[in-house]
Amino acid sequence: MDRAGLATFLRSRRERIAPADVGLPAGQRRRTPGLRREEAAQLAFISTEYYTRLEQARGPHPSREVLSGLVRALRLSDAERDHLHELAGVSQALPPGPPREVRQSILDLLHRLPHSAAFVTSAAAEVLAWNDLAAALMEDFSATPRRERNLLRRAFLTIDEPGRRLFGVSDVDEFQQASASRLRAVLARYPDDSELAALLDELLRGSERFARLWAAEDVQVPPVLRKTFRHPLVGPVIVNCDVLAVTDRDQQMVIYTADPGSSSEEALRLLAVLGTQRMDVTA
Numbered sequence: 001m002d003r004a005g006l007a008t009f010l011r012s013r014r015e016r017i018a019p020a021d022v023g024l025p026a027g028q029r030r031r032t033p034g035l036r037r038e039e040a041a042q043l044a045f046i047s048t049e050y051y052t053r054l055e056q057a058r059g060p061h062p063s064r065e066v067l068s069g070l071v072r073a074l075r076l077s078d079a080e081r082d083h084l085h086e087l088a089g090v091s092q093a094l095p096p097g098p099p100r101e102v103r104q105s106i107l108d109l110l111h112r113l114p115h116s117a118a119f120v121t122s123a124a125a126e127v128l129a130w131n132d133l134a135a136a137l138m139e140d141f142s143a144t145p146r147r148e149r150n151l152l153r154r155a156f157l158t159i160d161e162p163g164r165r166l167f168g169v170s171d172v173d174e175f176q177q178a179s180a181s182r183l184r185a186v187l188a189r190y191p192d193d194s195e196l197a198a199l200l201d202e203l204l205r206g207s208e209r210f211a212r213l214w215a216a217e218d219v220q221v222p223p224v225l226r227k228t229f230r231h232p233l234v235g236p237v238i239v240n241c242d243v244l245a246v247t248d249r250d251q252q253m254v255i256y257t258a259d260p261g262s263s264s265e266e267a268l269r270l271l272a273v274l275g276t277q278r279m280d281v282t283a
């Protein structure tokens, strides 16, 4: 444990936070920038005496629970959280399964892409977040139970309406192969996750296609950079497919864009207007 380094780091992080940032009044008689020690301690759910001793480099070895409270109270970034644990000499517990919480900056980015259909998936292929155009192009994920938002289940176990298998995409076979390959690597990263183990068992029992792909043990599949959605309202939509890795959360952001000036771009613009409404349903 680097007591001096921990003390300096805590002080610097505390002093950068304005009281208003955490819902506290600024007051008239503050002699220190940022939060007071007692305010930081209160936000971290520890005693002021304990926090003061940490900032004076004479505190005890903090537990993971104390560090979690400090991360929350001082609004630390992921990199700062890692540094805090290193200074405290506390190894971070590995998550039992693929993280499902999407970072706020990624959520903001989703909604700054109004002309692209974009969504975020977990390592287990669960759709975690999406923008309006993704919902219009694929389905209204907000109306879909979490279990059914898993793309592996959709690809191997769901019987869709004719012509709409896996949202009507043109590369179902390639997606299945790539997904089975990725799942093998994910299970190696999270060997103790019971939810992943149950998903694998469900796929093996419910899909002969998945069982064959799993037995082949392929671990590398070329990416699909272009695909076609057969949408029931606007017809074929040809999109470019780009995947951005969110490495700190073991997640992916998938972005679908159409070529400028193409009929597919016009179709996406129309979908942006239509949203998730069903034009084929009468009142």
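Each residue of the sequence shown is one higher than the one before, counting from 1 in the working numbering. Note that beta-carbon positions come from the ideal geometry of N, C-alpha and C, so glycine has one too.
| task | Determine the DSSP secondary structure at Glu55, reduced to helix, strand or coil. | result | Residue state, collapsed to three classes: helix.
(request) With DSSP as the reference, label Arg11 as helix, strand or coil. (result) Helix at Arg11.
Per-residue DSSP class, three states only, for Ala198: Look at Ala198 here: in three-state DSSP terms it is helix.
Who are the Cβ neighbours of Ala125 in its own chain at under 7 Å, not counting the five residues just before and after it?
Take Ala125, set aside five residues on each side of it, and the residues of its chain with a beta-carbon closer than 7 Å to its own are Asn150, Leu151, Leu152 and Ser179, in chain order.
Checklist entry - Looking at the structure shown, is Ile106 part of a helix, part of a strand, or coil, going by DSSP? => result Three-state DSSP puts Ile106 in a helix.
Check your understanding: Counting Cβ pairs closer than 8 Å, one from the stretch 250-269 and one from the stretch 222-237, do we hit at least three?
Key -> Flag = yes, the stretch 250-269 and the stretch 222-237 touch.
From which residue to which residue does the alpha helix (DSSP H) around Arg37 run? Unbroken alpha helix (DSSP H) run through Arg37: Arg37 to Ala44.
Legend entry - CB of Leu84 within 8 Å of CB of Leu67, strictly: Result yes, Cβ atoms of Leu84 and Leu67 sit closer than 8 Å.
| message | In the DSSP assignment, the beta strand (DSSP E) including Arg226 goes from what residue to what residue? | response | DSSP places Arg226 in the uninterrupted beta strand (DSSP E) bounded by Arg226 to His231.
- Task: Could you spell out where the beta strand (DSSP E) holding Phe289 opens and where it closes?
- Result: Nothing can be reported for residue 289: it is not among the residues displayed for the chain, which extend from 1 to 283.
**Cβ neighbour criterion (16 or more within 10 Å) applied to Thr282** = Bear in mind that a pLDDT of 35 at Thr282, under 50, signals an unreliable position, so the number given afterwards is only what the model happens to contain. Taking all protein chains in view, the Cβ of Thr282 is surrounded by fewer than 16 other Cβ atoms within 10 Å, so the residue is classified as exposed.
Taking the C-alpha atoms as reference points, what is the distance between Ala185 and Ala123?
For Ala185 and Ala123, the distance between alpha carbons rounds to 9 Å.
- Message: On the criterion of 16 or more Cβ atoms from any shown chain inside 10 Å, does Gly261 qualify as buried, or is it exposed?
- Response: Burial call: exposed.
Buried versus exposed, by CB contacts within 10 Å (16 or more), Phe45:
It is exposed - the Cβ of Phe45 has fewer than 16 other Cβ atoms within 10 Å.
Where do the N-terminal and C-terminal ends of the beta strand (DSSP E) with Asp192 fall, by residue?
Unbroken run through Asp192: none, as it is neither H nor E.
* So which of Leu203, Pro19, Arg58 and Gly59 has the shortest CA-CA distance to Ala40? -> If you compare the alpha carbons of Leu203, Pro19, Arg58 and Gly59 with that of Ala40, the shortest gap goes to Pro19.
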